[in-house]
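A short write-up of the structure that comes next.
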Amino acid sequence: MSTIDYSEKIPNNVNLSEDRRLQRALEKWQPAFLGWWDQMGPESSSNHEVFLRTAIDVSAKGWAHFDMVKMPDYRWGIFLADKEKDRKIGFGNHMGQDVWQEVPGEYRSELRRLIVTQGDTEPASVEQQRYLGLSCPSNYDLRSLFQVNVEEGRHLWAMVYLLHAYFGRDGREEAEEMLLRHSGDVDKPRILEAFNVPTEDWLSFFMFTFFQDRDGKFQLTSLAESGFDPLSRSCRFMLTEEAHHMFVGESGVGRVVERSAQLSAEHDTLEVGRHGGIPLAMIQKWINFHFSICLDLFGQEKSTNAANFYSMGLKGRYNENKIEDDHLLNNDGFLVPDLQNGKVIMSEISALTAINERLRNDYRDDCQKGVDRWNRIIEKANVDFKLTLPHIAFNRNIGTFQDNDFDLEGNLISAEEFAANKDTWMPNSKDREFVKSLMQRVVEPGKMAGWIAPPSRGIQGKDIEYEYVILQ
Ligand SMILES: [Fe+2]
Ligand SMILES: [Fe+2]
3 MSTIDYSEKI PNNVNLSEDR RLQRALEKWQ PAFLGWWDQM GPESSSNHEV FLRTAIDVSA
63 KGWAHFDMVK MPDYRWGIFL ADKEKDRKIG FGNHMGQDVW QEVPGEYRSE LRRLIVTQGD
123 TEPASVEQQR YLGLSCPSNY DLRSLFQVNV EEGRHLWAMV YLLHAYFGRD GREEAEEMLL
183 RHSGDVDKPR ILEAFNVPTE DWLSFFMFTF FQDRDGKFQL TSLAESGFDP LSRSCRFMLT
243 EEAHHMFVGE SGVGRVVERS AQLSAEHDTL EVGRHGGIPL AMIQKWINFH FSICLDLFGQ
303 EKSTNAANFY SMGLKGRYNE NKIEDDHLLN NDGFLVPDLQ NGKVIMSEIS ALTAINERLR
363 NDYRDDCQKG VDRWNRIIEK ANVDFKLTLP HIAFNRNIGT FQDNDFDLEG NLISAEEFAA
423 NKDTWMPNSK DREFVKSLMQ RVVEPGKMAG WIAPPSRGIQ GKDIEYEYVI LQ
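Residue 396 in this note's numbering sits at position 394 of the sequence shown; the count goes up by one each step and never skips.
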C-alpha cells in the first residue's frame, strides 16, 4: 500500500486506477494545475535542472529519492500516510468510535471548508514566492526555494484529491477555484490575509518559511487528528514535507543572523548595512511583522466554529493524544487574553471555545524556541543584541486586539502613537528597499551573497559547492 505507483499519469498510493471516474476527473484537473504552475509558479525556471527530492514511499524511513529534475516534470501526486489499523476518533462527541472513511453527511460543509482553507494556502505561497529565484543568494538556496515550491504544489494536490474523491461536484468546483484565486488579486484573492502579500526578498522568504510554514505545521498537526481518516492520512504525510520547509526557514534566518553578528563583531558596530549585512535590528523588524500577521491565522480567541470542529471530531488540538484530559472539554476552562481597563489580562473561558487560542499558544512557544536558537548564534559571536517575539497584542487584525493599538510589549497606545512608531517597529519602505538592494543573484555553485553565511552542510551528502540547480 505504501509504495507509490509511478507508472501512472498521476503518481499515487491510493489505487487511483481502480476508480476510473475519479482518475479521469483528476486527469482533467492536472493540465489546469500545470498551466497554473507555468503562469504563476517560479519565474523563468522551467528549463532549470534541479536537484529535487521526490517521494517514493510514505513510510517514515527513506521515502525520498533525489535526482536532477526539471520542475514541470516533477511527479506531483497523491500520497497518503498508511492506514492505521483500528484507528478511533480521539476527541469530541464521537470519541472512541471508528474513524470515518467517508465524509459524515452532517459535517460535510464544515469539512469541506477546513480542506479548502488549508488547500488555498498551498498554491498561494508559490505565487507569493514567484520572483525570488531571480535574486537568490546562492545556488544551494535556489534549490531550497524550488523544493519548497514543488512541495507546496503537491500539498495542493493532497487537498484537491480529497475534494475530488469525497465531495462530488462541489468538491470539483472548489478544486477549480483553487487555481482561479490568486495571491494579492483584487477580485479573487487568496482566503487568508497573510497569503496575499508578496514575498519580495529572501529575508522575507526565510521568515515566511519559519513563521507561515510553521502555522502550516500546527494546522496540519491538528487536522492529522481528524476523525475523517483520509484527511488525517493526507496531513500526516504532508507534515513530513513541511518539516523541510521549516528547516529552510530556521536555518535561513539563522544564517542571516550569523552573518550580521559576524559583521557586527568584526566592525564593532550593529550598523552593518554599510558593510553589506542586514543589521540585527532590521531582522527584528521582519520578525515583528511576520509573527504578528501569522498570529492572526489562528483566528479569534473565542470561537464557536473551532469548538464545533472539535466537538464534531474534525479538527483536534496539537498533539491531542498526548494531552491528559477527557478530550471532550465540556467542563474545562482555558485562559485567554482579554482587554480590561486598558490592560491585557487573562480571563478564563470554556476550553472548547478556546481551541484557537490554545493552538496559537503552542505555535508561539515553538516560535520562541527558534528565536532562542538564533540568539545563541548572536551570543557565540559575542555581540550584545537579543531577538525577541513581540507581544501577542502587537499589530493584530483579528480577535480581541484588533480594534486597538499596542506597542511591542503589549501596552495599549493610541492610534497616533502606533502610526508614529510603526516604521521603527516593522519594515518600512526604506528598509525594504535596502534589503532588496542586497538581493543580487548569486548562482555560481559554492558562492554566497555577502549578507548570508553559508549553510553548515549541503543536501543529501553533497558538498555545499555542488551544482544543485543547473540554470538553462
Ligand atoms: Fe504546504
Ligand atoms: Fe510548507
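Ideal Cβ positions, reconstructed from N, Cα and C, are used throughout, including at glycine.
Do residue j and residue i come within 8 angstroms of each other at the CB atom, strictly closer than that value?
{"i": "E243", "j": "E381", "result": "no"}
{"i": "G309", "j": "I357", "result": "With the sequence shown as reference, residue 309 is identified as Ala, and Gly is not the correct amino acid for it. Yes. Within cutoff."}
{"i": "V60", "j": "L82", "result": "yes"}
{"i": "F220", "j": "L24", "result": "no"}
{"i": "G318", "j": "F53", "result": "no"}
{"i": "K438", "j": "E202", "result": "yes"}
{"i": "R443", "j": "L136", "result": "yes"}
{"i": "F293", "j": "P392", "result": "yes"}
{"i": "Q302", "j": "F197", "result": "no"}
{"i": "N290", "j": "F396", "result": "yes"}
{"i": "P447", "j": "E469", "result": "yes"}
{"i": "L134", "j": "L147", "result": "yes"}
{"i": "V250", "j": "T306", "result": "no"}
{"i": "F213", "j": "C369", "result": "yes"}
{"i": "L316", "j": "G229", "result": "yes"}
{"i": "D367", "j": "C296", "result": "no"}
{"i": "Y320", "j": "T402", "result": "no"}
Which residues bound the alpha helix (DSSP H) around residue i?
{"i": "P2", "result": "What is shown of the chain runs 3 to 474, which leaves residue 2 out entirely."}
{"i": "R192", "result": "Counting along the chain, R192 falls outside any alpha helix (DSSP H), and DSSP gives it neither H nor E."}
{"i": "A66", "result": "Unbroken run through A66 is the beta strand (DSSP E), A66 to K72; no alpha helix (DSSP H)."}
{"i": "I357", "result": "I357 to K382"}
{"i": "Q99", "result": "No alpha helix (DSSP H) contains Q99, which DSSP labels as neither H nor E."}
{"i": "S439", "result": "S431 to L440"}
{"i": "H277", "result": "Segment: none, H277 is in no alpha helix (DSSP H) and carries neither H nor E."}
{"i": "G256", "result": "D231 to H269"}
{"i": "P475", "result": "Beyond the ends of the chain as shown, which are 3 and 474, falls residue 475; an answer cannot be given."}
{"i": "Q214", "result": "W204 to L225"}
{"i": "K424", "result": "A417 to W427"}
{"i": "Q286", "result": "L282 to D298"}
Around the C-beta of residue i, are 16 or more other C-beta atoms found within 10 angstroms, so that it is buried, or is it exposed?
{"i": "D40", "result": "exposed"}
{"i": "A245", "result": "exposed"}
{"i": "D298", "result": "buried"}
{"i": "N14", "result": "buried"}
{"i": "M3", "result": "Since pLDDT at M3 reaches only 47, below the 50 mark, its modelled position is unreliable, and the value read off the structure follows with that caveat. Exposed."}
{"i": "V471", "result": "buried"}
{"i": "P33", "result": "exposed"}
{"i": "R22", "result": "exposed"}
{"i": "P281", "result": "buried"}
{"i": "E252", "result": "buried"}
{"i": "D465", "result": "exposed"}
{"i": "H96", "result": "buried"}
{"i": "I2", "result": "With the chain covering 3 to 474 only, the question about residue 2 has no answer from this structure."}
{"i": "H269", "result": "exposed"}
{"i": "D433", "result": "buried"}
{"i": "Q149", "result": "buried"}
{"i": "T271", "result": "exposed"}
{"i": "S46", "result": "exposed"}
{"i": "K1", "result": "This structure cannot settle anything about residue 1, because the visible part of the chain is limited to 3 through 474."}
{"i": "P74", "result": "exposed"}
{"i": "E359", "result": "buried"}
Give me the Cβ distance between residue i and residue j, rounded to the nearest whole Å; I'm assuming they're in contact under 8 angstroms.
{"i": "R173", "j": "R114", "result": "It is Gly, not Arg, that sits at residue 173 in the sequence shown. That belief holds up - the Cβ atoms of G173 and R114 are roughly 7 angstroms apart, short of 8 angstroms."}
{"i": "V255", "j": "W427", "result": "About 18 angstroms separates the two Cβ atoms, so there is no contact after all."}
{"i": "L181", "j": "P139", "result": "No, L181 and P139 are not in contact; Cβ-Cβ is about 30 angstroms, not under 8 angstroms."}
{"i": "F311", "j": "E179", "result": "Their Cβ separation, rounded to whole angstroms, is 21 angstroms, which puts F311 and E179 out of contact at 8 angstroms."}
{"i": "S236", "j": "A177", "result": "Wrong, their Cβ atoms sit about 14 angstroms apart, outside the cutoff."}
{"i": "D122", "j": "R183", "result": "7 angstroms"}
{"i": "L241", "j": "A226", "result": "7 angstroms"}
{"i": "R156", "j": "G43", "result": "R156 to G43, Cβ: 12 angstroms. No contact."}
{"i": "I394", "j": "D407", "result": "Not quite, the Cβ-Cβ distance comes to about 14 angstroms (not below 8 angstroms), so this is no contact."}
{"i": "F35", "j": "R55", "result": "Rounded, the Cβ-Cβ distance is 20 angstroms, inconsistent with contact."}
{"i": "I6", "j": "G79", "result": "7 angstroms"}
{"i": "L28", "j": "Y142", "result": "That belief does not hold up - the Cβ atoms of L28 and Y142 are roughly 34 angstroms apart, past 8 angstroms."}
{"i": "W31", "j": "G279", "result": "Wrong, their Cβ atoms sit about 45 angstroms apart, outside the cutoff."}
Could you please give the first and the last residue of the uninterrupted beta strand (DSSP E) stretch that includes residue i?
{"i": "S137", "result": "Element bounds for S137: n/a, residue is neither H nor E."}
{"i": "L182", "result": "Not the beta strand (DSSP E): L182 falls in the alpha helix (DSSP H), residues G170 to L182."}
{"i": "K345", "result": "K345 to S352"}
{"i": "E51", "result": "E51 to A57"}
{"i": "D340", "result": "G335 to Q342"}
> Near ligand 2, which residues have their beta-carbon closer than 6 angstroms to a heavy atom?
Replying inline: E154, D215, G218, E244 and H247
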